[in-house]
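In the UniProt record's numbering, the protein residues as written are 1 to 232.
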């Protein structure tokens, strides 16, 4: 379980994260929703150690990781797919996926795990193409596949539907459902697309002005007016 307790972060004189506290459970999809500029990406960077938390505590599987470096969090079983994907455009699809195996020994990191190609068949078809030659939707699938190559127990996804065609959004949604159904992974999904989040969420959180302003079970999102809280 991921536990976040009273997390604070500042940029200059701005108080970006204001005492955030929440939990994300293994076997569930936790959806974090909110409009642009409320601090969602800053929160994820704090969870990955890319931005140090000023105050508060982050724990994963019962151990405090607040002071851990990003590579130590990856070693602990946390994977992050950032907004904008950040694949390596000059490397092939296969080479990009192999980069996701960096936390394993050289012996274990020789071959792309077959389950990734099962989840994303298009990556197998295009494994010798350069990442930069893929469409936006295919690059998103590649970025998720690369994160999954590290066999994480916590997968963090920052707006995976952004700029993606509807058919690929459905495919990504199906993969997230499969991963959650395995019961051995916690998924934290940051999203602005309400309908996508509502289909997947076991638990939801709504952020506004750097705070969690509402949370509940995914099945109750419509009844609890979440659409109105995140609509632009």
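Ideal placement from N, C-alpha and C gives every residue a C-beta, glycine not left out.
(request) Let me know if residue 89 comes out buried or exposed under the rule of 16 or more other beta-carbons within 10 Å of its beta-carbon. (result) For the purposes of this step, residue 89 is taken as residue 89 along the chain shown, with counting starting at 1. Taking all protein chains shown into account, residue 89 has fewer than 16 neighbouring C-beta atoms within 10 Å of its C-beta and is therefore exposed.
(message) Threshold first: 3 residues or longer. Then list the beta strand (DSSP E) segments lying entirely within the region 56 to 85, N to C.
(response) Counting whole runs of 3 or more residues, the region 56 to 85 contains the beta strand (DSSP E) stretches 78 to 81.
(request) Quick one: give me the first and last residue of the beta strand (DSSP E) that residue 22 is part of. (result) Indexing the chain shown from 1 puts residue 22 at position 22. 14 to 24 is the extent of the beta strand (DSSP E) around residue 22.
(request) Apply the 10 Å Cβ neighbour rule to residue 114 and answer buried if 16 or more other Cβ atoms are within range, or exposed otherwise. (result) Counting from one through the chain shown, the residue named residue 114 turns up at place 114. Exposed.
(message) Taking the beta strand (DSSP E) that residue 109 belongs to, which residues open and close that run?
(response) For this step, residue 109 is matched to residue 109 along the chain shown. For residue 109, there is no enclosing beta strand (DSSP E), as DSSP gives it neither H nor E.
(message) With DSSP as the reference, identify every bridge partner of residue 190, one or two as the case may be.
(response) To locate residue 190, count along the chain shown from 1; it is residue 190. DSSP, once it has assigned bridges, lists 32 and 158 as partnering residue 190.
(message) Suppose the cutoff is 6 angstroms on Cβ atoms and the five residues either side in sequence are ignored; what does the same chain contact list for residue 172 look like?
(response) Along the chain shown, read from residue 1 onward, the residue named residue 172 stands at position 172. So the qualifying residues of the chain are 160.
(request) Within the same chain, show all residues whose beta-carbon is closer than 7 angstroms to that of residue 60, passing over the 5 residues directly before and after it, in chain order. (result) Reading the chain shown from its first residue, position 60 is the one you call residue 60. Closer than 7 angstroms at the Cβ level, and outside the excluded window around residue 60, lie 2, 76, 78 and 154.
(message) Below 8 angstroms on the Cβ atoms is my contact criterion, and I expect residue 54 with residue 207 to pass it. Report the Cβ-Cβ distance as a whole number of Å.
(response) For the purposes of this step, residue 54 is taken as the residue at position 54 of the chain shown. For the purposes of this step, residue 207 is taken as the residue at position 207 of the chain shown. Rounded to the nearest angstrom, the Cβ distance from residue 54 to residue 207 is 17 angstroms, too far for a contact under 8 angstroms.
(request) Give the single residue among 219, 214, 210 and 225 whose Cα lies nearest to the Cα of residue 16. (result) Taking the first residue of the chain shown as 1, we reach residue 16 at position 16. Looking at 219, 214, 210 and 225, the one whose alpha-carbon comes closest to that of residue 16 is 210.
(request) Starting from the Cα of residue 38, find the closest Cα among 205, 183, 188 and 104 and give me that residue. (result) By one-based count along the chain shown, residue 38 stands at place 38. Of the listed residues, the one whose Cα sits closest to residue 38 is 205.
(request) Please look up how many angstroms separate the CB atoms of residue 175 and residue 144, rounded, as I've assumed it's under 8 angstroms. (result) Here residue 175 refers to the residue found at position 175 when the chain shown is read from its first residue. Here residue 144 refers to the residue found at position 144 when the chain shown is read from its first residue. Correct: roughly 7 angstroms between the Cβ atoms.
(message) For a quick check, are the C-beta atoms of residue 156 and residue 229 less than 8 angstroms apart?
(response) Numbered from its first residue, the chain shown carries residue 156 at position 156. Numbered from its first residue, the chain shown carries residue 229 at position 229. Going by C-beta atoms, residue 156 is not nearer than 8 angstroms to residue 229.
(message) Would residue 148 and residue 142 qualify as a contact pair, given that the criterion is a beta-carbon distance under 8 angstroms?
(response) Here the question's residue 148 lines up with position 148 in the chain shown. Here the question's residue 142 lines up with position 142 in the chain shown. No, Cβ-Cβ distance for residue 148 and residue 142 is not below 8 angstroms.
(message) Applying the 10 Å Cβ sphere with the 16-neighbour rule, what's the burial state of residue 197?
(response) Numbered from its first residue, the chain shown carries residue 197 at position 197. Counting other Cβ atoms within 10 Å of its Cβ, residue 197 reaches 16 or more and is therefore classed as buried.
(request) State the DSSP-derived secondary structure class of residue 206, mapped to helix, strand or coil. (result) Position 206 of the chain shown, counted from the first residue, corresponds to residue 206. Residue 206 falls in the strand class under three-state DSSP.
(request) Name the residue from 218, 70, 150 and 93 whose alpha carbon lies nearest to the alpha carbon of residue 108. (result) Looking up residue 108 in the chain shown gives position 108. Distance from the Cα of residue 108 is smallest, within the candidate group 218, 70, 150 and 93, for 150.
(message) Measuring alpha carbon to alpha carbon, tell me which residue in 14, 221, 27 and 9 is nearest residue 20.
(response) Taking the chain shown and counting its residues from 1, the one referred to as residue 20 is at position 20. Out of 14, 221, 27 and 9, 9 has the C-alpha closest to the C-alpha of residue 20.
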